[in-house]
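Below is one structure, written out as structure tokens, with a few remarks after it.
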Amino acid sequence: EKKEKPPRPPVTFATEGEIPIKRVARVYKLKVADEAAALKAEAILNEVHGLMAAESKGKNTEGKAKGYLKLNRQVCKAEWAYEVQLVFATHDDFKAFDESEWCKETVLPFDDKLKELAVGGDLYKGVRVYDEMSSRSR
1 EKKEKPPRPP VTFATEGEIP IKRVARVYKL KVADEAAALK AEAILNEVHG
51 LMAAESKGKN TEGKAKGYLK LNRQVCKAEW AYEVQLVFAT HDDFKAFDES
101 EWCKETVLPF DDKLKELAVG GDLYKGVRVY DEMSSRSR
């Protein structure tokens, strides 16, 4: 017979000391003109994610995108605000990726493609500590 597990408290964020750096995300924010431009951005992100996912695992990747976990995207269809996060398992993994020649040669050119779609060429690029809460237990 199955043993009942005691309920676990939900995940919480730190409220004292300092915010711990676990996962890290490269963040892009831009406004696109319309649905057609948003779909072009989707195609760019499909390509970026494909490259990142392929280089995040396997024996012969030399860690080109080691620690890459996922790509998140949010779109406001009323304002055509477009936001992207490339999430990495650790800050060290992100730094190794971001400083690599592979990133500069292979991934960085996609920044220019997004900038071309951005209204006024205005593309924000930054780095964030990334955490999420879920209704599921730890």
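Last residue of the sequence shown: 138 (the working numbering), numbering continuous.
Note that the Cβ used here is the ideal one computed from N, Cα and C, for glycine as well.
Predicted model, so just to flag it, every value in this text is computed and none were measured.
> So Phe94 is in the alpha helix (DSSP H); what residue range does that whole segment cover?
Replying inline: It spans 91-98 - the alpha helix (DSSP H) in which Phe94 sits, taken as one unbroken run.
>> So if DSSP puts Lys31 in a beta bridge, which residue, or which two residues, is it bridged to?
In response: Ala81
> Which one of Ala78, Ala54, Trp80 has the shortest CA to CA distance from Lys70?
Replying inline: With distances taken between Cα atoms, Lys70 lies closest to Ala54.
> Sorted by chain position, which residues of the same chain lie with C-beta nearer than 8 Å to Arg23's C-beta, five sequence neighbours on each side aside?
Replying inline: Only Leu69, Val87, Phe88, Ala89, Thr90, Val129, Tyr130, Asp131 meet the Cβ criterion.
> What does a CB cutoff of less than 8 Å around Leu45 pick up in its chain, not counting 5 residues either side in sequence?
Replying inline: Leu71, Arg73, Val84
>> Helix, strand or coil for Arg138? Go by DSSP, reduced to three states.
In response: With a pLDDT of 49 at Arg138, under the threshold of 50, the modelled position of this residue cannot be trusted; read the value that follows with caution. Reduced to three states, the DSSP call for Arg138 is coil.
> Secondary structure at Ala14, three-state DSSP: helix, strand or coil?
Replying inline: coil
> How long is the line joining the alpha carbons of Arg138 and Lys5, rounded to whole angstroms?
Replying inline: Note that Arg138 scores a pLDDT of 49, beneath 50, so its modelled location is shaky; the value from the coordinates is reported in the next line. Approximately 13 Å between the Cα atoms of the pair.
> Can you check whether the CB of Val75 is closer than 8 Å to the CB of Ala38?
Replying inline: yes
>> Given a cut-off of 8 Å on the beta-carbon distance, is the pair Leu114 and Leu51 in contact?
In response: Taking 8 Å as the cut-off, the beta carbon of Leu114 is found no closer than this to the beta carbon of Leu51.
> Can you tell which of Asp93, Ala33, Tyr82, Ala25 has its C-alpha closest to the C-alpha of Lys57?
Replying inline: Asp93
> Helix or strand or just coil, what does DSSP make of Ala118?
Replying inline: strand
> How long is the line joining the alpha carbons of Trp102 and Lys64, rounded to whole angstroms?
Replying inline: 6 Å
> Any C-beta of chain D sitting closer than 8 Å to the C-beta of Arg73?
Replying inline: Judged by its chain identifiers, the structure shown contains no chain D, having just a single protein chain.
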